[in-house]
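Only one structure is covered here, and it is reproduced in the block below.
Numbering (this note's numbering), first residue to last: 1 to 148.
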């Protein structure tokens, strides 16, 4: 396999990983953390694994780019294929970024709603604690007639 073929293969793998990440982002958009927290956590873990694989792949791609010779860079068919792959990668990345922004905003709204619920629960507990404190009876206060 030549360096150009290897580079195209690596870029195709990068695109496949990005499309997998895009799939996870779309699934996250459909889910809320409160509805199915386990599935949401699994999506985040799977996505993190894809990002790790992507980082490793980037290192290999950089090494492959360093090993390219000038004749392969001037090959029109290679340049056309490379340009097409780069355009698809950039488009996929842009879509991922947009979805992630939407997901982040939705999660922040969900977090704010949960904070309000927690504050209301705390207020309710304080109110209940105020009522229950007055209902305690002291045994010494009930019996006033002590015969010794």
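In this text, a Cβ means the ideal position worked out from N, Cα and C, and glycines have one as well.
By the beta-carbon neighbour count (other beta carbons within 10 angstroms, threshold 16), residue 29 is exposed.
Residue range 3-30 is occupied by the alpha helix (DSSP H) that includes residue 28. Pairing residue 25 with residue 96 gives a Cβ-Cβ distance under 8 Å.
The residue from 31, 67, 14, 18 with its alpha-carbon nearest to that of residue 102 is 31. When the alpha-carbon of residue 4 is set against those of 105, 115, 98, 81, the nearest one is in 81. Short of 8 Å from the beta carbon of residue 100, and not among the five residues preceding or following it, lie these beta carbons of its own chain, in chain order: 25. Boundaries of the alpha helix (DSSP H) around residue 54: 37-66.
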